[in-house]
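K.L.:
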Amino acid sequence: MKHTKVKDLLNSTKPVDDVTVKGWVRTFRNNQFLAINDGSVIHNIQAVVDFENTPAETLKRLTPSAAVSIKGNLVESQGAGQKFEIQVKELEVLGDSDAEEYPIQLKNRPSLEFLREKAHLRVRTNAFGAIMRVRSVLSFAVHQYFQENGFVYVNTPIITGSDAEGAGEMFRVTSLPAQNPPVTQEGTVNYEEDFFGKETNLTVSGQLEAETYAMALGQVYTFGPTFRAENSNTSRHLAEFWMIEPEVAFNDLDANMDLAEDFIKYVIKYVMERCADDLEFLDKRLADEEKQKPQAERSGMGLLEKLQFVLENNFKRVSYTEAIDILKSSKPNKNKKFQYLIEEWGADLQSEHERFLVEKHFKSPVILFDYPAKIKAFYMRLNDDGKTVRAMDILFPGIGEIVGGSQREERLDVLQQKIAELGIDEKELWWYLDTRRFGTAVHSGFGLGFERLVLFVTGMTNIRDVIPFPRTPQNAEF
Ligand code: ATP
Ligand code: MG
Ligand code: MG
Ligand code: MG
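All the letters of the sequence shown, read from the start, carry residue numbers 41 to 518 under this note's numbering.
1) According to DSSP, which residues form a beta bridge with PHE418?
2) I'd like the list of long-range same chain contacts for ASP323, defined as Cβ closer than 6 Å, with 5 residues on each side in sequence excluded.
3) If you measure from the CB of GLU209, is any heavy atom of ligand 5 nearer than 8 Å?
4) Quick check: the stretch 444-453 against the stretch 260-272, are at least 3 beta-carbon pairs closer than 8 Å?
5) Between which two residues does the beta strand (DSSP E) harbouring SER109 extend?
6) When the Cα atoms are used, what is the spatial distance from GLU320 to GLY190?
7) Measuring alpha carbon to alpha carbon, tell me which of ASP424, VAL350, ALA431 and PHE124 ends up nearest ASP294.
8) Three or more C-beta pairs closer than 8 Å, one from the stretch 432-439 and one from the stretch 394-414: is that the case here?
9) Could you check whether the stretch 139-151 touches the stretch 462-476, counting it as contact only if at least three pairs of C-beta atoms, one from each stretch, sit closer than 8 Å?
10) Rounded to whole angstroms, what is the Cα-Cα separation between LEU134 and HIS483?
11) Pairing CB atoms from the stretch 56-72 with CB atoms from the stretch 95-111, are three or more of them under 8 Å?
12) Going residue by residue through the stretch 305-332, where are the continuous alpha helix (DSSP H) segments of at least 4 residues, counting only ones entirely within it?
13) Would you tell me roughly how many angstroms separate the C-alpha atoms of PRO143 and THR224, rounded to the nearest one?
14) Tell me whether HIS277 counts as near ligand 2, meaning its Cβ is closer than 8 Å to at least one heavy atom of that ligand.
15) Taking only heavy atoms of ligand 3 into account, decide whether any of them is closer than 8 Å to the Cβ of GLU270.
16) So for ILE364, helix, strand or coil by DSSP?
17) Quick one: residues in its chain with C-beta nearer than 6 Å to the C-beta of LEU462, no 5 flanking neighbours on either side, listed in chain order?
18) Which value, in whole angstroms, describes the spacing of the CA atoms of PRO127 and GLN335?
19) Consider the C-beta atom of VAL506 and the heavy atoms of ligand 1; say whether any pair is separated by less than 8 Å.
20) Among the residues of its own chain, which have a CB less than 6 Å from the CB of MET500, if the five just before and after it don't count?
21) Using only alpha-carbon positions, find the residue among PHE303, GLU352, ARG173 and ASP234 that is nearest to HIS83.
22) Quick one: give me the first and last residue of the beta strand (DSSP E) that GLN247 is part of.
23) Among GLN332, PRO412, ASP317 and CYS315, which has the Cα closest to the Cα of TYR360?
24) Is GLY489 near ligand 1, going by C-beta to nearest heavy atom under 8 Å?
25) Under 8 Å from any heavy atom of ligand 1, does the C-beta of THR266 make it?
26) Does the structure place the stretch 174-187 close enough to the stretch 225-244 that three or more beta carbon pairs sit under 8 Å?
27) Roughly how many angstroms lie between the CA atoms of HIS393 and GLY489, to the nearest whole one?
28) Where does VAL288 sit, in a helix, a strand or coil, going by DSSP?
29) Under the DSSP definition of a beta bridge, which residues are partnered with GLN86?
30) Measuring from the CB of ASP424, is there a heavy atom of ligand 4 at a distance below 8 Å?
31) Counting only the same chain and skipping the five closest in sequence on each side, list residues whose C-beta sits under 8 Å from that of GLN122.
32) Among LYS331, THR252 and LEU495, which one has its Cα closest to the Cα of TRP470?
33) Quick check for students: name the residue ranges of the beta strand (DSSP E) that lie wholly in the stretch 413-481, counting only runs of 3 or more.
34) Where GLU232 and ASN220 are concerned, what is the direct C-alpha to C-alpha distance, given to the nearest angstrom?
35) If you measure from the CB of GLY485, is any heavy atom of ligand 3 nearer than 8 Å?
36) Quick check: the stretch 270-289 against the stretch 157-177, are there 3 or more CB pairs under 8 Å?
Below is the structure:
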């Protein structure tokens, strides 16, 4: 049977007779006012039940999360808070929900920690409904941006045979039996007898493969699942996340920074225009949360203000060397949030350092560039100083790094020397080196963790709360 989405009813310009709505009960007050949500929009529609002509048995079944079908007239509401409501003519409970057993009691404001254990049900709350709609629109915006700008979408492999980039963070893929796998003469597992005839892993990045495609198609991007066996429990790392990786031939590092900044601004604007209700809800939610915090820890800016700020201001571009000088001369602050500031040139920045630069020093998103070669990957373009590479990280408030990118080393001999220095077997990368053998050119690209972007846009603070089913150490329940 045809039914209408709550979103369309709430956007109606006039009363409508005989509409049907299907959804789930949020609340039922005074045996009369039923709030129904169907996931199409953050708001509920109010249905006014004719309790005198409805069996008491049915009224009792209108418990939180029960599935219902309602037929009635959409009329202008007498009450405050909504323009339209439904005057119910027919009401059917499609699926009961035991009020005693239903784990999410909205009245008690369940904590995010508690909801993480109920990942299959938490999407029934306003906050998670909003986050997931924003996530969906954002992922569409990603494709929209690249397609509008002439990029080709490339699906790089999820199972990979090269482990040059993995550095101990890879999940092995094998079809060998756990019990008594074949062994070599030395007694180690013999992967030559495995499905692919060699060791294989889940991808940690599609970049190397994307580079080979960029060197023929010009501008490409990937947007797919990415896996890293992160053994730390942080609020910005997942073991399974989605990464966006554009790669562009003939672009140097400056053009790469321009692309990243333009892309981020585009998708934020896109989602602000299309998810105004959800973002407004998340903005209020965050404001409520801020009020609970001690003054010193409050961020000072609301979510919508923060998003607007990003749209209207240029990201600060700062060299790594300059950043280290700033960190070295800064005093640890009183509330100890940013206490590890003394750093020597050459050290990798921790998220505390990144957040200090963004939140305290520049008060703006920051693009750090020209990192020491020693702390960056082998494929990055070496500068003439011989010790820094054309790398950039984009740092955002509340998160730190959201983008890592670089201009790639296009010179075959320099790349080969680097690979040798790191003890990587050149034979592993023969296909990658071919791009430098046949028509090499300057090219660059970046990786942006999609969930870190969703974190920023929704104002959430833990990455586990912006993906439907988070994968973290000791956590793959579903
Ligand atoms: P970090 O320093 O936070 O560990 P990284 O430098 O290891 O990140 P890159 O290899 O540069 O990450 O990957 C590119 C982008 O992918 C990062 O800037 C980040 O947005 C995202 N990313 C990396 N690891 C994760 C993860 N475990 N979970 C979610 N996003 C991630
Ligand atoms: Mg990492
Ligand atoms: Mg990093
Ligand atoms: Mg990085």
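In this text, a Cβ means the ideal position worked out from N, Cα and C, and glycines have one as well.
P.N.:
Reading from the atomic positions:
1) Within the sequence shown, the letter at position 378 stands for residue 418. Under DSSP, PHE418 shares a beta bridge with no residue.
2) Here residue 323 corresponds to residue number 283 of the sequence shown, with the count starting at 1. The residues are GLY342, LEU343 and LEU344.
3) This structure simply doesn't include ligand 5; it includes ligand 1, ligand 2, ligand 3 and ligand 4 instead.
4) No: the two stretches stay apart, fewer than three of their Cβ pairs being nearer than 8 Å.
5) As a working mapping, residue 109 is identified with position 69 in the sequence shown. Run containing SER109: 107-116, per the beta strand (DSSP E) assignment.
6) On the sequence shown, position 280 is the one that residue 320 refers to. On the sequence shown, position 150 is the one that residue 190 refers to. Between GLU320 and GLY190, the C-alpha separation is close to 33 Å.
7) To locate residue 294, count along the sequence shown from 1; it is residue 254. Taking only the C-alpha atoms, the option nearest ASP294 is ALA431.
8) Result yes; three or more Cβ-Cβ pairs closer than 8 Å.
9) With a cut-off of 8 Å, the stretch 462-476 and the stretch 139-151 do not count as touching, because too few Cβ pairs lie within range.
10) As a first step, residue 134 is located in the sequence shown; it is residue number 94 there, counting from the start. As a first step, residue 483 is located in the sequence shown; it is residue number 443 there, counting from the start. For LEU134 and HIS483, the distance between alpha carbons rounds to 57 Å.
11) These segments touch.
12) If we require 4 residues or more, the alpha helix (DSSP H) runs fully inside the stretch 305-332 come out as 316-332.
13) On the sequence shown, position 103 is the one that residue 143 refers to. On the sequence shown, position 184 is the one that residue 224 refers to. The straight-line gap from Cα to Cα measures roughly 52 Å.
14) Residue 277 sits at position 237 when you count from the first residue of the sequence shown. Within the cutoff, so yes.
15) Position 230 of the sequence shown holds residue 270. Checking every heavy atom of ligand 3 against the Cβ of GLU270, none is found closer than 8 Å.
16) As a working note, residue 364 is residue 324 in the sequence shown. Looking at ILE364 - three-state DSSP - the assignment turns out to be helix.
17) Here residue 462 refers to the residue found at position 422 when the sequence shown is read from its first residue. Same-chain partners within the cutoff: PHE418.
18) Translated into the one-based positions of the sequence shown, residue 127 becomes position 87. Translated into the one-based positions of the sequence shown, residue 335 becomes position 295. It should be noted that the sequence gives Gln, not Pro, for residue 127. In this structure, the CA atom of GLN127 is about 47 Å from the CA atom of GLN335.
19) The residue you call residue 506 lines up with position 466 of the sequence shown. No - ligand 1 has no heavy atom lying nearer than 8 Å to the Cβ of VAL506.
20) By 1-based counting over the sequence shown, the position of residue 500 is 460. Cβ neighbours of MET500 beyond the five flanking positions: VAL506.
21) Along the sequence shown, one-based indexing puts residue 83 at 43. Closest option to HIS83, Cα to Cα, is ARG173.
22) Residue numbering aside, residue 247 sits at position 207 when the sequence shown is read from its first letter. For GLN247, no beta strand (DSSP E) segment is defined; the enclosing uninterrupted segment is the alpha helix (DSSP H) at 247-257.
23) Within the sequence shown, residue 360 is the residue found at index 320, counting from 1. Selected option, being the one with the closest Cα: PRO412.
24) Along the sequence shown, one-based indexing puts residue 489 at 449. Distances between the C-beta of GLY489 and the heavy atoms of ligand 1 include at least one below 8 Å.
25) Numbered from 1 along the sequence shown, position 226 holds the residue referred to as residue 266. Within the cutoff, so yes.
26) Short answer: they don't touch.
27) Reading the sequence shown from its first residue, position 353 is the one you call residue 393. Reading the sequence shown from its first residue, position 449 is the one you call residue 489. Near 19 Å, if we compare the C-alpha coordinates of GLY489 and HIS393.
28) For this step, residue 288 is matched to residue 248 along the sequence shown. DSSP places VAL288 in strand when its eight states are reduced to three.
29) Reading the sequence shown from its first residue, position 46 is the one you call residue 86. In the DSSP output, where bridge partners are listed per residue, GLN86 has ALA75 and GLU125.
30) One-based indexing of the sequence shown puts residue 424 at position 384. It does not: the Cβ of ASP424 is nowhere closer than 8 Å to a heavy atom of ligand 4.
31) On the sequence shown, residue 122 is found 82 positions in, with the first residue counted as 1. If the five residues before and after GLN122 are omitted, its C-beta is found closer than 8 Å to the C-beta atoms of LEU50, HIS83, ILE85 and GLN86, all from its own chain and listed in chain order.
32) Residue numbering aside, residue 470 sits at position 430 when the sequence shown is read from its first letter. Of LYS331, THR252 and LEU495, the residue nearest in Cα terms is THR252.
33) The qualifying runs are 428-436 and 440-447.
34) Reading the sequence shown from its first residue, position 192 is the one you call residue 232. Reading the sequence shown from its first residue, position 180 is the one you call residue 220. For GLU232 and ASN220, the distance between alpha carbons rounds to 15 Å.
35) The count along the sequence shown starts at 1 and reaches residue 485 at position 445. The beta carbon of GLY485 sits no closer than 8 Å to any heavy atom of ligand 3.
36) They do not touch, by the three-pair rule.
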